[in-house]
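Peer 1: Handing you a structure now.
Chains as they are written, first to last, in this note's numbering: chain U, 356 to 620; chain W, 25 to 549.
Spelled out as structure tokens, the structure:
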């Protein structure tokens, strides 16, 4: 791979007049998932059209490769490229041994193709931006049966009460994970702490580990206690039933419940 | 080999040289005043024979010093994940692009080194390897850097992988004789994994072992085509362990790529998600055991393969134990890789049982689906890179085990997905410290934490103590036989590395990193 890159650098030097110049000051490297410069969207759009017209027949319109041309999304050469400095010589000269003809494209079009390829690479790399497909695949009637039956969801929830309009509040993907286990920050356990003296403090649980416990009472005041054997702690976690249900869901039950909740608009 | 030994002798003509350095022979039986390699010794047990701090006096353990990272004008991009080395009274540790030496008695900074990065994901750095007076560490942009331990000056750097191909490196190099064994990381865009041995004097390549086969090689039958295996991932994220008698280096390999979309790589995808034994002189594979055949959940098998000299059915055995990211506890015969035990250490829901080799059989219905499937554990796994510990005195293997639920989505349904090809969305998790009997896989005791989180590193000692962090930011000492809590201190953040220990001038120190601060504890005097 290194040899290949070095060879291409040599080729690039001999073609310097035709190959786009690199930008004068390289951008500061970034240290996250996308660590290289994100190309200009207008260049990507132009590059997609140029690529599709000239390269798509062999390399596929999405650059993932085809019957006669390799994948360029995961191509070491295309990944090493900066604004056409590596792919430019290949485009201009072709690869006679591998059946690739030369394409006499101007430098700005090569830069646009490079921008398109970088964009395709970054779309594959940026997994946090992947689009989740249709998740509403269940049977809503069966979901309702589960809600009112085996799941015992109706013990705490009502489609015309707290869940009215829930499907308007959250998109389907968010709703799928939130109904399984709602975000704890919004629904905190309630706790009563009883001291050895018999004095009690009640409120919303603020902190709990093996050594300390803290709560906020109804007036907003913060109380913290060291945990020892004489301290009595009663915690009511309204989400305990959600944690318990997680152990038993089948995937179809989960999808059915979501399909039912999606009717609550 | 013979030549290598000669040059080793020439390089270290006098024992006196080692007042500042580390003779690789010391790695075979580390003295109690050093912690000379990532796991303290080659076994990966993270058990120390020190007992000056013990169950009868640990309540008098107190802070000796703390060192808050000073990176000069540089930026810190990770918590302390490195386990410091301690040699001749100096601690050496790293962060992405940064390295420090601090006085092991006082926490005073001796030097700081900064690398000018070219990029790469800055997720963490596991630390140094040491050979003589030279230190070695890896950077996110995949350079192996050798520093002079005396003053932190750079001796050389060599590139071990290309950052433009989306590699980023995290492991601590492991030194075996004159081999500096380095691994690579990077799972964003389907690059192939490998392990390399480098020359300690020059950084030149000695051998490379690919974690996936090339066309025509053994293992190729577990992939559909050469392109799939050459883009098949299998990173070497975490340092391995070594048995000098067998001369085998043990390593857990990473998951295959594309990470969550397996339709383009049908087959078991060797040697990803495997525990492998390699000859450290040649890089040749001696045996393998695959923890997750055809993984689609990002459950690498990179967790430390811990060497246990134990007994099975009354016979002494050379064993290897791993608490794997997929939720299974595996015990193997480390002479040949034969499975002795495969037993889940959390309640998982993705396995249909075991094959004839003791390898789990995944349930295809629990592979990522377009509309989501609910799977235990989540992508982060039941265990991960933070070190487990094995205490030979209790015969128990300890791991902070995560029981987590996650929705796994297949986002790329095409024939040839790329990158991850899917996503996961964490739903709920709990964490517990578990003590596992290596003979049976039975969990002898469990300590449930009061909140969820990730797994955290563990140390056990002959002082009948177990040191670890909890998800609430406490550094806690337990009785390793019973799980009873003996001592704790609340730190600035959650423990972020594996605790380590050493003795200097008759005082035992326990050092742990939390966020941006390194803490040294010792007994009140």
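The beta-carbon is built from N, C-alpha and C at its ideal position, and this holds for glycine as well.
All values derive from a computational prediction rather than experimental measurement.
1. Give me the subset of the stretch 480-513 of chain W whose CB atoms are less than 7 angstroms from a CB atom of chain U, sorted by chain position.
2. Would you list the residues sitting across from residue 116 of chain W in a DSSP beta bridge?
3. Give every residue of the same chain whose Cβ lies closer than 6 angstroms to the Cβ of residue 541 of chain W, excluding the five residues on either side of it in the sequence, and list them in chain order.
4. So is residue 236 of chain W buried or exposed if we call it buried at 16+ other beta carbons inside 10 Å?
5. Would you give the residue range spanned by the beta strand (DSSP E) that residue 502 of chain U belongs to?
6. Select from U:429, U:386 and U:589 the residue whose C-alpha is nearest the C-alpha of residue 166 of chain W.
7. Kindly indicate which three-state DSSP category residue 267 of chain W falls into: helix, strand or coil?
8. Would you say residue 482 of chain U lies against chain W (beta-carbon separation less than 8 angstroms)?
9. Within the continuous alpha helix (DSSP H) that includes residue 529 of chain U, where are the two ends?
10. According to DSSP, simplified to helix, strand and coil, what is residue 251 of chain W?
11. What did DSSP end up calling residue 622 of chain U once you bin it into helix, strand or coil?
12. Here's the rule: buried if 16 or more other CB atoms are within 10 angstroms of the residue's CB, otherwise exposed. What is residue 178 of chain W?
13. Label residue 591 of chain U either buried or exposed according to how many other C-beta atoms from any shown protein chain fall within 10 Å of its C-beta, with 16 as the threshold for buried.
14. Within 8 angstroms (strictly less), CB to CB, does residue 610 of chain U reach chain W?
15. Using a Cβ-Cβ cut-off of less than 8 angstroms, give me the residues of the stretch 177-191 of chain W that come near chain U, in sequence order.
16. Sorted by chain position, which residues of the same chain lie with C-beta nearer than 8 angstroms to residue 613 of chain U's C-beta, five sequence neighbours on each side aside?
17. In angstroms with no decimal places, state the Cα-to-Cα distance between residue 500 of chain W and residue 182 of chain W.
18. Quick check: is the beta carbon of residue 327 of chain W nearer than 8 angstroms to any beta carbon in chain U?
19. Quick check: the stretch 367-375 of chain W against the stretch 389-406 of chain W, are at least 3 beta-carbon pairs closer than 8 angstroms?
20. Please name the residue in W:400, W:514 and W:80 whose C-alpha comes closest to that of residue 451 of chain W.
21. Residue 447 of chain W touches chain U at which residues, Cβ-Cβ below 8 angstroms?
22. Give me the chain U residues within the contact set of residue 255 of chain W, using Cβ-Cβ distance strictly less than 9 angstroms, ordered along the chain.
23. Quick check on the DSSP output: the beta strand (DSSP E) that includes residue 45 of chain W runs from which residue to which?
24. Step through the CB atoms of chain W and report whether any lies within less than 8 angstroms of the CB of residue 593 of chain U.
25. First and last residue of the beta strand (DSSP E) that includes residue 222 of chain W?
26. By a C-beta neighbour count over all protein chains shown, 10 Å radius and 16 as the cutoff for buried, is residue 480 of chain U buried or exposed?
27. In whole angstroms, what separates the C-alpha of residue 508 of chain W from that of residue 524 of chain U?
28. For residue 481 of chain W, which three-state DSSP category applies?
29. If we require 4 or more residues per run, which alpha helix (DSSP H) segments fall completely within the stretch 308-378 of chain W?
30. Rounding to the nearest angstrom, what Cα-Cα distance links residue 538 of chain U and residue 606 of chain U in this structure?
31. Applying the criterion that 16 or more other CB atoms from any shown protein chain within 10 Å of the CB defines a buried residue, is residue 412 of chain U buried or exposed?
32. Determine whether the Cβ of residue 397 of chain W lies closer than 8 angstroms to any Cβ atom of chain U.
Peer 2: Inspection of the coordinates gives the following:
1. For the stretch 480-513 of chain W, the set of positions with a beta-carbon nearer than 7 angstroms to some beta-carbon of chain U reads 494, 496, 498, 509 and 512 in chain order.
2. According to DSSP, residue 116 of chain W shares a beta bridge with W:109 and W:125.
3. Exclusion of the five residues before and after residue 541 of chain W leaves 90, 92 and 516 as the residues of its chain whose Cβ lies within less than 6 angstroms of its Cβ.
4. Flag for residue 236 of chain W reads buried.
5. Secondary structure note for residue 502 of chain U: it is in no beta strand (DSSP E), and the uninterrupted alpha helix (DSSP H) holding it is 495-503.
6. When only C-alpha atoms are compared, the closest one is U:386.
7. Residue 267 of chain W: strand per DSSP, three-state reduction.
8. Yes, residue 482 of chain U counts as interfacial toward chain W.
9. Per DSSP, residue 529 of chain U belongs to the alpha helix (DSSP H) from 527-535.
10. Assigned with DSSP and collapsed to three states, residue 251 of chain W falls in helix.
11. In the structure as shown, chain U begins at 356 and stops at 620. Residue 622 of chain U is therefore absent and cannot be evaluated.
12. Sixteen is the threshold: since fewer than 16 other Cβ atoms of the shown chains lie within 10 Å of the Cβ of residue 178 of chain W, the residue is exposed.
13. When all chains shown are included, residue 591 of chain U counts as exposed.
14. Any Cβ of chain W closer than 8 angstroms to the Cβ of residue 610 of chain U would place that residue at the interface, and such an atom is present.
15. Flagged, chain order: 186, 187, 188, 189 and 190.
16. Closer than 8 angstroms at the Cβ level, and outside the excluded window around residue 613 of chain U, lie 490, 491, 493, 498, 527, 530, 531 and 534.
17. Computed Cα separation, rounded: 40 angstroms.
18. Look at residue 327 of chain W: its C-beta is not under 8 angstroms from any C-beta on chain U.
19. At 8 angstroms Cβ cutoff, the stretches touch.
20. Sorting W:400, W:514 and W:80 by C-alpha distance to the C-alpha of residue 451 of chain W places W:400 at the top.
21. Within chain U, the residues near residue 447 of chain W are 482, 483, 485 and 487.
22. Residues of chain U passing the Cβ test: 426 and 429.
23. Per DSSP, residue 45 of chain W lies in no beta strand (DSSP E) and is assigned neither H nor E.
24. Chain W contact via Cβ: absent.
25. That run of the beta strand (DSSP E) goes 218-222.
26. Taking every protein chain shown into account, the CB of residue 480 of chain U has 16 or more other CB atoms within 10 angstroms, so this residue is buried.
27. One C-alpha to the other measures close to 46 angstroms.
28. Coil.
29. You should have found no qualifying run.
30. In this structure, the straight-line span from the alpha carbon of residue 538 of chain U to that of residue 606 of chain U is close to 21 angstroms.
31. So residue 412 of chain U counts as exposed.
32. So, interface residue.
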